[in-house]
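Taking it in order: structure first as structure tokens, then the write-up.
Number of protein chains: 2
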Amino acid sequence: MQASTSSSAGRPRSDLNAAVFAATLRMVDELGYAGATMDRIAAAAGTAKTTLYRRWPSKGALIIDTLLDAFSPMPALGQDRPAALAQAVRWLAAKVGEPGVGAAFAGVFSDAVNDAALRELLSTRFQEPYLIVLKDYLGESEQRIVLFIDVITGTLLHRMGMTGRPMADADVEAMIAMVLSLFE
Amino acid sequence: MQASTSSSAGRPRSDLNAAVFAATLRMVDELGYAGATMDRIAAAAGTAKTTLYRRWPSKGALIIDTLLDAFSPMPALGQDRPAALAQAVRWLAAKVGEPGVGAAFAGVFSDAVNDAALRELLSTRFQEPYLIVLKDYLGESEQRIVLFIDVITGTLLHRMGMTGRPMADADVEAMIAMVLSLFE
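Note that the protein sequences, when read in sequence, are chains H and W. Residue numbers are given in numbering that gives the first Met the number 0: position 179 of the first sequence equals residue 178, and the series is strictly consecutive. Residue numbers are given in numbering that gives the first Met the number 0: position 136 of the second sequence equals residue 135, and the series is strictly consecutive.
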């Protein structure tokens, strides 16, 4: 029985992760990025702050994993390039509009401006998988794909900051028409 | 002599404002948006925290006034529309790259996602003057101008968050070519 002692003390890892990710988004949605402290997230997830810090060394690392979970799986890209990119942008816009997701996203980018370790995590864990898929799919330079990601993500987050609401569908479509000109 | 007592206790209002704005950008640049507390900004400006709160009811309000000061005056727009808009975008990109400005800008937008009062300040004090000038100049719908502002500001700030550095000139030019397609 000795072998099961440590796991019987808690929930399975995947269950705990799901509870923590849900609690993170709920706290960010209710209290804002700055207000959603590790203490409050731990309490909302029904776990100890020490347990959180064993899995995520910083709030930024937890937010990035929460976003990775919220944005998984990435939708498949069909054969028609403009239609596939439009679909991907609509998918991102809808995700950013989910409770807590836009605020968590905007908050972690803001923290990253002055935090090199967080930028490294954002770049390697969060952005790189999308960058690789889009580069393969489009056959365009990395510089152009990074600009595409900056434009769609930056625009959606700026709109959230200015209005507190996701971007209206008509504006998402206008942004899609504009951003596709990067690949013409 | 009684009448001059209160002003002789401190610096003229405009000098104090300039010292506080400079201290705000310096603290944000050194400590990040979250780390630049009202306490630290007051100490760096050589004034009392109570003095700051008499002029700015919140950190968000102080950051917005600091940014307004950093972005004044807005450059004049010449007669050639594409050239004038390109010039305005280059001006914004250079400003966002000044020490503390990009981080202050990204931080206040992130806070605003969950703070309606701050969004109101951002919208009326910060965005509206540019919106009015651009609407008059371009003769385009407000919806289109707001999208233009979201795209250029959001893209520049997202790049700062991902790289910690201002956008390279070649990317600024690619963004300009793309965003001008909104007005064709």
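Cβ atoms here follow ideal geometry from the backbone N, Cα and C, with glycine treated the same way.
Using 8 angstroms as the threshold, is the C-beta distance between residue i and residue j below it?
| i | j | result |
| --- | --- | --- |
| L91 (chain W) | L130 (chain W) | no |
| V178 (chain W) | V88 (chain W) | yes |
| L24 (chain W) | V145 (chain W) | no |
| V70 (chain H) | L137 (chain H) | First, the residue type needs correcting, since residue 70 (chain H) is Phe and not Val in the sequence shown. Going by C-beta atoms, F70 (chain H) is not nearer than 8 angstroms to L137 (chain H). |
| N16 (chain W) | G31 (chain H) | no |
| L120 (chain W) | M161 (chain H) | no |
| G163 (chain W) | R118 (chain H) | yes |
| V150 (chain W) | V150 (chain H) | yes |
| A85 (chain H) | I175 (chain H) | yes |
| S57 (chain H) | S180 (chain W) | no |
| E141 (chain H) | K134 (chain H) | yes |
Once DSSP output is grouped into helix, strand and coil, what is the label at residue i?
| i | result |
| --- | --- |
| S7 (chain H) | Because S7 (chain H) sits at a pLDDT of 42, beneath the cut-off of 50, its placement in the model cannot be relied upon, and the following sentence gives the value as read from the coordinates. S7 (chain H) falls in the helix class under three-state DSSP. |
| E183 (chain W) | coil |
| P165 (chain H) | coil |
| V112 (chain H) | coil |
| F70 (chain H) | coil |
| A2 (chain H) | Because the pLDDT at A2 (chain H) is just 42, under 50, the model does not fix this residue reliably, and the value given afterwards should be weighed accordingly. A2 (chain H) falls in the helix class under three-state DSSP. |
| S57 (chain H) | coil |
| A35 (chain H) | coil |
| L76 (chain W) | coil |
| A47 (chain H) | coil |
| E29 (chain H) | helix |
| G106 (chain H) | helix |
| G153 (chain H) | helix |
| E127 (chain W) | helix |
| P98 (chain W) | coil |
| E119 (chain H) | helix |
| S13 (chain H) | helix |
| G160 (chain H) | helix |
| E139 (chain H) | coil |
If the cut is a Cβ gap below 9 angstroms, which residues of chain H does residue i touch?
| i | result |
| --- | --- |
| V150 (chain W) | V150, G153, T154, H157, M174, M177, V178 |
| D114 (chain W) | G31, G163 |
Taking 6 angstroms as the limit between beta carbons, can you name the residues of its chain near residue i, skipping five residues before and five after?
| i | result |
| --- | --- |
| A83 (chain W) | L76, G77 |
| A35 (chain W) | M26, V27 |
| A44 (chain W) | A18, V19, A22 |
| I62 (chain W) | A103, V107 |
| P98 (chain W) | D28 |
| R158 (chain W) | M166 |
| L51 (chain H) | M37, A41 |
| P81 (chain W) | L179 |
| T123 (chain H) | none |
Can you list, in chain order, the residues of its chain whose CB lies under 8 angstroms from that of residue i, leaving out five sequence neighbours each side?
| i | result |
| --- | --- |
| D38 (chain H) | K48 |
| V132 (chain H) | M73, L76 |
| A33 (chain H) | G106 |
| W55 (chain H) | L61, D64 |
| R10 (chain W) | A18 |
Given that residue i touches chain W, what residues does it touch there, using C-beta distances under 9 angstroms?
| i | result |
| --- | --- |
| R118 (chain H) | G160, M161, T162, G163 |
| Q126 (chain H) | M161 |
In chain H, which residues lie less than 7 angstroms from residue i when you measure between Cβ atoms?
| i | result |
| --- | --- |
| A105 (chain W) | F108, S109, V112 |
| L146 (chain W) | D170, A173, M174 |
| A78 (chain W) | Residue identity differs from the one stated: residue 78 (chain W) is Gln in this sequence, not Ala. Residues of chain H passing the Cβ test: none, with the nearest at roughly 24 angstroms. |
What in chain W is Cβ-close to residue i, meaning under 7 angstroms?
| i | result |
| --- | --- |
| S122 (chain H) | M161 |
| G101 (chain H) | V112 |
| M86 (chain H) | Note on identity: in this sequence residue 86 (chain H) is Gln, with Met being the wrong assignment. Here the premise fails: no neighbours, minimum Cβ distance about 20 angstroms. |
At 8 angstroms on the CB atoms, spell out the chain W contacts of residue i, in chain order.
| i | result |
| --- | --- |
| G138 (chain H) | Those do not exist, as G138 (chain H) stays about 17 angstroms from chain W at its closest Cβ, beyond 8 angstroms. |
| L181 (chain H) | A173, M177 |
With a CB to CB cut of under 7 angstroms and the five nearest residues on each side skipped, what residues in its chain are close to residue i?
| i | result |
| --- | --- |
| G125 (chain H) | It should be pointed out that residue 125 (chain H) corresponds to Phe in this sequence rather than to Gly. Only I63, L66, L67 meet the Cβ criterion. |
| A60 (chain H) | L120 |
| E139 (chain H) | F182 |
| A111 (chain W) | L117, R118, L121 |
(request) Would you be able to state if there are at least three C-beta pairs under 8 angstroms between the segment 105–115 of chain W and the segment 57–71 of chain W? (result) Pairwise C-beta distances place the segment 57–71 of chain W in contact with the segment 105–115 of chain W, as three or more of them are shorter than 8 angstroms.
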